[in-house]
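S.K.:
Numbering (the numbering used here), first residue to last: 1 to 230.
#1: Assuming residue 143 contacts residue 107 (C-beta within less than 8 Å), just tell me the rounded distance between them.
#2: Whose C-beta lies closer than 6 Å to the C-beta of residue 128 among residues of the same chain, with five residues either side of it excluded?
#3: Cα separation between residue 230 and residue 104?
#4: Would residue 79 pass as a contact of residue 119 if the rule is Cβ separation under 8 Å?
#5: Check residue 226 in the structure and name its three-state DSSP category.
#6: Looking at the structure shown, is residue 205 part of a helix, part of a strand, or coil, going by DSSP?
#7: Going by beta-carbon coordinates alone, are residue 211 and residue 171 separated by less than 8 Å?
#8: Helix, strand or coil for residue 30, going by three-state DSSP, please let me know.
#9: Can we count residue 217 as close to the ligand ATP, meaning its CB is less than 7 Å from some heavy atom?
#10: How do the stretch 214–227 and the stretch 150–164 stand: do at least 3 beta-carbon pairs fall below 8 Å, yes or no?
#11: Given a threshold of 16 other Cβ atoms within 10 Å of its Cβ, counted over all protein chains shown, does residue 81 qualify as buried or as exposed?
#12: In terms of DSSP beta bridges, what is residue 117 paired with?
#13: State buried or exposed for residue 77, treating a residue as buried only when at least 16 other CB atoms are found within 10 Å of its CB.
#14: Which residue from 168, 178, 215 puts its Cα closest to that of residue 193?
#15: I need the boundaries of the beta strand (DSSP E) containing residue 152, first residue and last residue.
#16: Which runs of the alpha helix (DSSP H) at least 4 residues long sit entirely within the stretch 60–111? Give them in chain order.
#17: If contacts are defined as beta-carbon pairs under 8 Å, then residue 61 and residue 69 qualify, I think. What distance do you get, rounded to the angstrom?
#18: For residue 140, name the three-state secondary structure that DSSP assigns.
#19: On the three-state DSSP scale, how would you describe residue 211?
#20: Based on the DSSP output, what are the partners of residue 170 in its beta bridges?
#21: Which value, in whole angstroms, describes the spacing of the CA atoms of residue 38 and residue 102?
#22: Would DSSP call residue 147 helix, strand or coil?
#23: Just verifying my parser: in three-state terms, what is the DSSP assignment at residue 219?
And the structure:
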């Protein structure tokens, strides 16, 4: 019997342990920031930059583990009905303090009666990644919104930054079926985009599957990332 572990399995196990350690470090840093704030430490805002980097690394590890599970056919999708407005509020609350450290406010807009079936954890991972990027590029506002468009639930993240570079724009006509090649060498696309496309496509209903769109000139003047779920 061959008990030799595959290198990919060893790597996945290491990534999982590292992810857990980063999560613990993030929480400890949250306590340090709270203590510094109470003591009126003039530099407690500097810790937010560390939190941002920890969060960014942690989300990258989560995406890598998800892609590993998908390759091994171990990534299960857990679809359930969700109150979309409450979901967006929870996502916004998780990022509120970090965004506020740069003077960025986060707003949500959604009909209270809107419910939809999707995998809460996977979609939250997609939105977390986009909001984390907005931390770097937004000027003063990040807006989360949801609506029903052509039979799809559309979840939008807009900011008031300079917009996405042309190389990042995809599916500007918001077509359910589109082809997007991922080239990791160019730097214009990467793991976050690949993960978002994979998660969207995992959501299927009546022969349709989810898709994403990245455009500019949104209602806030900057970029707009959208994920559509059937």
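Where is the CB? At the ideal position from N, CA and C, for every residue including glycine.
M.R.: Concretely, from the data shown:
#1: 5 Å
#2: 59
#3: 31 Å
#4: yes
#5: strand
#6: strand
#7: yes
#8: helix
#9: The ligand ATP is not part of the structure shown, which contains no ligands of any sort.
#10: yes
#11: exposed
#12: 81
#13: exposed
#14: 168
#15: 152–159
#16: 84–100
#17: At roughly 13 Å, the Cβ-Cβ gap does not stay under 8 Å, so residue 61 and residue 69 are not in contact.
#18: coil
#19: strand
#20: 214
#21: 19 Å
#22: strand
#23: coil
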